[in-house]
Every structure is written in C-alpha cells, then in structure tokens.
Amino acid sequence: ISEDVPLEYLHQENRFIEFNREPFIPHFLSTEGPACVIADVNGDGLEDLYLGGAKHQPGKLFLQNRQGGFEAAANPAFVNDKVAEDVDAVFFDANGDDLPDLYVVSGGNEFFGRAEALRDRLYLNEGDGAFRKTEESLPELYANGACVKPADIDNDGDMDLFIGSRSVPRLYGVIPASYLLINDGNGKFTDETSSRAPGLSKVGMVTDAVWVDLNKDGYQDLVVVGEWMPITIFHNLKGELVNVTQEYGLQNTSGWWNTIAAADFNQDGLVDLVAGNLGLNSILKAAGNKPVQLFINDFSGNGKLDQILTYFYEGKTYPLASAEQMFINIPSLRTTYPTYADYAGKSVHDIFSPEQLEAATVRTATEFGSVLLMNNGDETFELKQLPVEAQFSPLYTILIDDFNKDGFQDMLLGGNFHGVPPDQGRYDASYGSLLLGDGTGNFVAVSLQTSGFVASGEVRQIKSIQTASGETLVMAARSNDTAVIFRKRE
Numbered sequence: 001i002s003e004d005v006p007l008e009y010l011h012q013e014n015r016f017i018e019f020n021r022e023p024f025i026p027h028f029l030s031t032e033g034p035a036c037v038i039a040d041v042n043g044d045g046l047e048d049l050y051l052g053g054a055k056h057q058p059g060k061l062f063l064q065n066r067q068g069g070f071e072a073a074a075n076p077a078f079v080n081d082k083v084a085e086d087v088d089a090v091f092f093d094a095n096g097d098d099l100p101d102l103y104v105v106s107g108g109n110e111f112f113g114r115a116e117a118l119r120d121r122l123y124l125n126e127g128d129g130a131f132r133k134t135e136e137s138l139p140e141l142y143a144n145g146a147c148v149k150p151a152d153i154d155n156d157g158d159m160d161l162f163i164g165s166r167s168v169p170r171l172y173g174v175i176p177a178s179y180l181l182i183n184d185g186n187g188k189f190t191d192e193t194s195s196r197a198p199g200l201s202k203v204g205m206v207t208d209a210v211w212v213d214l215n216k217d218g219y220q221d222l223v224v225v226g227e228w229m230p231i232t233i234f235h236n237l238k239g240e241l242v243n244v245t246q247e248y249g250l251q252n253t254s255g256w257w258n259t260i261a262a263a264d265f266n267q268d269g270l271v272d273l274v275a276g277n278l279g280l281n282s283i284l285k286a287a288g289n290k291p292v293q294l295f296i297n298d299f300s301g302n303g304k305l306d307q308i309l310t311y312f313y314e315g316k317t318y319p320l321a322s323a324e325q326m327f328i329n330i331p332s333l334r335t336t337y338p339t340y341a342d343y344a345g346k347s348v349h350d351i352f353s354p355e356q357l358e359a360a361t362v363r364t365a366t367e368f369g370s371v372l373l374m375n376n377g378d379e380t381f382e383l384k385q386l387p388v389e390a391q392f393s394p395l396y397t398i399l400i401d402d403f404n405k406d407g408f409q410d411m412l413l414g415g416n417f418h419g420v421p422p423d424q425g426r427y428d429a430s431y432g433s434l435l436l437g438d439g440t441g442n443f444v445a446v447s448l449q450t451s452g453f454v455a456s457g458e459v460r461q462i463k464s465i466q467t468a469s470g471e472t473l474v475m476a477a478r479s480n481d482t483a484v485i486f487r488k489r490e
C-alpha cells in the first residue's frame with residue numbers, strides 16, 4: 001500500500017566501488033543502511049519514524065498525523081551531519097527526562113582514521129519532535145559502526161549502550177573495537193569496556209546484537225553476531241560481561257551473520273534466538289570440516305593487506321579469486337606462474353610460502369545457513385536450519401510477531417545484497433518470507449501470493465508501525481531505494 005501512505009524518502013547510495021581500493025574483499029561494506037526506527041517522539045500518542053541517510057544524505061524524521069500519514073519534520077541537526085552514513089539508530093531515553101532521544105550509528109568503508117563522519121551522534125529530544133545534537137554526551141570514538149543496543153546493564157535505572165563495530169576501514173579482516181558505554185544517569189556516557197567487558201572490545205566484525213536475560217538472574221545478557229565470528233554470548237554478572245560462548249556450545253558457529261533476534265518460539269518460558277546469515281544460495285559453501293577461510297597478509301609486498309578468500313575442495317584450500325585477479329594484484333605470481341596452465345589447480349599452500357601463510361591472520365567460517373537456536377534450559381541451544389525459503393539470500397532483518405493470530409510467534413524476513421564481485425553474481429533471490437510458527441519451534445514458509453509480502457531489493461530493516469486509525473503497517477526499508485509499506489491483515 002506504498003501509494004496509499006506516501007513517504008517522501010529515497011535512500012540514495014553514492015557511487016563507490018570498494019573493489020577498486022581493496023580488490024580482494026568479498027563484498028562491499030558501505031551499503032549497510034538505511035537505519036529505520038519507530039517511536040512517539042512528540043508525545044501525541046502516534047508513532048513516528050526516523051529513516052537514516054546514505055553518505056551526503058541527511059536522515060529524515062517523519063511525524064505521523066491524525067490521518068495516518070507521515071510528514072517530514074525539518075531538522076537542521078540532521079542536515080548538518082549529512083556527510084555521515086546512518087547504518088543503525090535507536091530511540092531511547094538517554095538523559096532521564098522521559099523523552100525518546102535519538103542515537104545514530106555512523107558507518108561505511110569510505111571514511112577512515114579520525115574522520116568526523118565516523119563518529120556516532122546523539123540527538124536529545126527537546127519535545128514536539130525537535131532534536132538537538134549534543135557534543136558532550138559521548139566519548140570521542142571513531143569507527144565503521146554496525147549497531148547500537150541500549151540496556152540497563154547494571155540495573156541502576158538508566159540506559160547504557162553496546163556499540164558494535166563492523167570493520168576497520170581499508171583493513172578488511174582486522175578486528176575493530178566495539179564498546180560498552182555506561183550512562184551516568186544524566187545522559188553522559190563513558191567508555192568502560194576495558195573494566196566491565198574486556199572480552200567485548202575485540203569480539204569480532206560485529207553486525208548486530210540483542211540484549212536478553214538468558215539465565216534469568218535479572219540482568220540483561222548480550223548476544224553478538226558478525227562476520228567471521230561465532231554467535232557469541234556474554235553473561236551479565238551484575239554489570240560486568242563475561243564471554244560464555246563455549247559453555248553454550250556455540251564456539252563452532254562461525255559464519256557471516258547479519259542479524260539476531262530473540263523470542264520464545266515454543267512457549268516454554270525460555271528465550272530462543274533466530275540468526276540471519278549469508279544463506280545457502282551463494283557460490284560459497286561451508287561446513288565444519290570444509291571451511292571458507294580468509295588469509296590476511298601483505299602477500300604482494302606493497303605495504304597493504306591482501307585478503308585471500310578461499311574454499312575447500314578435495315582436501316585442499318583454493319583461492320576463490322581468478323588467476324587474472326591474483327596476477328594483477330600480486331604481480332610476483334606472474335613470474336612464478338608464466339601461464340594460466342602453470343597456475344591451474346594450485347592451492348593456497350602451493351601459491352604462497354609457509355612463511356607467508358604462517359604470518360597471515362586467518363578467519364574461518366563454517367556455517368552459512370540462517371538458523372533457529374532453541375533454548376534447552378541448561379545453557380545450551382539446539383540449532384535448526386530455517387526453511388529453505390529463508391536461505392535464498394543473505395538475511396538482514398527479522399520482524400517477530402503473531403501475524404496469523406493463532407497465539408504463536410511468526411517471523412517476517414528480509415534480505416538481499418548487491419555489493420559483491422561481478423563474477424559471483426548478486427545475492428538477490430529473495431522477495432522476503434513470512435514464516436508461520438506452530439508454537440513448538442517449527443516454522444513453515446507461506447507463499448508470496450498468500451502472505452502478500454513482496455519486498456525485492458536490498459531490504460535492511462522491517463518495522464511495524466501503529467497508525468492513528470489502529471491499523472498496523474509493516475515497513476521494509478531498502479538500501480538505495482524507497483521504503484515499501486504493507487497493511488497488516490487483522
């Protein structure tokens with residue numbers, strides 16, 4: 001019903017070919033947005049909407065009117081920060097005045113170092129939908145951010161923040177710093193990662209996280225997912241976070257995870273998880289004994305890191321890159337292998353010396369399927385693959401709700417990704433999926449014709465919005481495109 005709910009918004013990515021700067025990276029890292037968050041920001045009882053912008057595009061706040069339409073609210077603070085890319089955002093009360101403030105995560109792989117566009121932003125709500133950027137509330141941190149997740153981790157009555165970082169710009173495969181920011185109760189945040197959660201700082205190339213009390217001790221635990229890392233769990237020990245991934249048996253779940261969500265899917269009173277991954281419809285296949293790996297070193301000797309992505313075949317590890325790409329970017333290989341026939345069939349261990357491989361940092365992925373993690377109640381999970389319809393493309397967003405009103409939790413999924421090397425083809429086979437749950441942890445996909453949910457393109461966020469008339473709208477925010485809006489059947 002997008003035509004019935006006009007929204008003056010088009011997410012517009014700038015043209016930036018990341019492979020020209022980092023030829024071996026497996027995909028873009030600058031098309032992670034847009035952010036999309038919902039809250040009643042002006043206290044009129046209606047839900048409003050913030051949609052983030054791409055580089056050189058300001059984010060937009062839309063206020064809902066009594067007719068169920070959305071009107072853009074002018075805000076100079078958003079315009080002033082338009083150079084930054086809004087990859088995630090959240091409304092939460094930062095300073096205890098009972099108004100939803102707006103935190104926006106800055107990201108992208110174009111900026112680097114201490115670029116101002118890599119600093120996150122906190123906009124304080126001054127009432128009536130007006131927001132003012134605060135410069136003194138956040139520590140001076142620069143990162144290609146991925147996510148922000150608020151929670152009162154020390155149970156002192158105010159909201160603290162986990163800030164997950166996606167990558168180190170221009171150094172793909174190097175682990176960025178993520179942060180735990182503690183609120184002083186007045187909206188000033190301090191980086192206390194080293195004292196409260198030292199294992200969190202270099203947890204991985206984070207994409208998403210969720211706070212949930214897994215062990216029912218009254219403190220919010222943290223589940224973190226990302227690229228080249230397992231589904232990672234931190235127990236909250238009265239305000240300090242400890243990595244218990246191995247205790248939960250999840251240490252071998254390394255994948256290219258994009259999203260994580262939590263709900264009780266089998267009505268046993270325990271919180272289960274669902275995690276979106278690369279999917280099972282790409283050229284890359286991974287398993288525990290046949291991993292996809294990334295070897296990171298200056299193989300070309302030019303002072304820059306090379307990232308050699310590999311696959312496993314008949315007991316050996318081979319580069320995924322073509323011979324021509326290897327020759328162009330590592331010129332010394334032309335001397336070693338004068339012809340394509342000389343190069344053909346050579347494994348990574350044939351191409352590079354033991355010394356080069358020994359000095360390399362190696363990342364490993366053994367699971368590319370999107371999965372359900374059913375809580376066994378003994379601090380372990382049972383992993384189950386989501387239906388095949390959920391595996392057609394990378395899964396980026398999961399909206400959990402009881403869509404068919406049978407009392408059981410269902411899932412609405414969105415994904416796709418275009419920024420991959422041309423010889424691999426876009427990951428764009430999904431039109432979204434509605435998975436209906438039966439209350440026992442099993443899910444069945446509904447056809448597009450039956451569900452009515454058809455969302456092509458690069459879907460990054462799916463959110464529900466209550467309208468003035470009591471209807472529920474479902475919005476799919478897409479990278480480099482308009483948002484698609486659906487009306488939920490009651």
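Residues 1 to 490 in the numbering used here are what the sequence shown lists, from first letter to last.
Note that CB positions come from ideal geometry on N, CA and C, so glycine has one too.
For residue i, write down the residues that DSSP places opposite it in a beta bridge.
i: H349; result: Answer is none; H349 lacks a bridge partner.
i: T72; result: One point to set straight first is that residue 72 is Ala, not Thr, in the sequence displayed. The partner list for A72 (beta bridge, DSSP) reads F62.
i: K495; result: Nothing can be reported for residue 495: it is not among the residues displayed for the chain, which extend from 1 to 490.
i: G437; result: F443
i: D160; result: A151
i: L180; result: F162
i: T317; result: F312
i: Q67; result: BP columns for Q67 are empty, so no partner.
i: S167; result: N144
i: T31; result: None, per the DSSP bridge assignment.
i: S106; result: D86
i: D48; result: A39
i: D306; result: N297
i: L124; result: R132
Compute the Euclidean distance between the alpha carbons of residue i and residue j, then round it to the nearest angstrom.
i: Y123; j: S469; result: 29 angstroms
i: G52; j: N80; result: 13 angstroms
i: A476; j: I485; result: 6 angstroms
i: E247; j: I233; result: 9 angstroms
i: T513; j: G68; result: Within the shown structure, residues of the chain are numbered from 1 to 490, placing residue 513 beyond reach of any answer.
i: V274; j: G437; result: 13 angstroms
i: E471; j: I462; result: 16 angstroms
i: S201; j: R166; result: 12 angstroms
i: G345; j: E324; result: 14 angstroms
i: Q385; j: D272; result: 14 angstroms
i: N442; j: N376; result: 15 angstroms
i: G239; j: L320; result: 44 angstroms
i: V41; j: N75; result: 13 angstroms
i: M374; j: L383; result: 6 angstroms
i: V459; j: L278; result: 14 angstroms
i: Q64; j: A73; result: 10 angstroms
i: M159; j: D184; result: 9 angstroms
i: F19; j: V420; result: 9 angstroms
i: T361; j: D306; result: 11 angstroms
i: D120; j: R334; result: 44 angstroms
i: N155; j: Y219; result: 7 angstroms
i: D221; j: V244; result: 10 angstroms
Leaving aside the five residues before and after residue i along the sequence, list all residues of the same chain whose C-beta is less than 7 angstroms from its C-beta, in chain order.
i: V90; result: V37, Y103, V148 and P150
i: Y337; result: Y343
For residue i, report the span of its alpha helix (DSSP H) as first-last.
i: F327; result: A323 to N329
i: L357; result: P354 to A359
i: T450; result: L448 to S451
i: L333; result: S332 to T336
i: Y340; result: Y340 to Y343
i: S194; result: T193 to R196
Excluding five sequence neighbours on each side, which residues of the same chain lie with their C-beta closer than 8 angstroms to the C-beta of residue i?
i: L448; result: Y431, G432 and V454
i: T380; result: Y248 and G249
i: T259; result: T207, D208, V225, A275, G276, L395, Y396, T397 and I398
Here's a check: name, in chain order, each residue in its chain whose Cβ is nearer than 6 angstroms to the Cβ of residue i, leaving out the five neighbours to either side.
i: G187; result: A94, N95 and S137
i: M411; result: I398, I400 and L435
i: L10; result: T482
i: F78; result: P58 and G59
i: Q424; result: I283
i: T440; result: N266
Could you give the residue range of the beta strand (DSSP E) that holds residue i?
i: A263; result: T259 to A263
i: D410; result: D410 to G415
i: L222; result: D221 to M229
i: E382; result: F381 to Q385
i: H235; result: T232 to N236
i: N375; result: V371 to N375
i: F16; result: First-last for F16: undefined, no H or E at that position.
i: Y396; result: L395 to D401
i: R114; result: Neither: R114 is in no beta strand (DSSP E) and is coded neither H nor E.
Along the chain, which unbroken stretches of the alpha helix (DSSP H) at least 4 residues long are found entirely within the segment 248 to 295? With a minimum length of 4 residues, no continuous alpha helix (DSSP H) run stays inside the segment 248 to 295.
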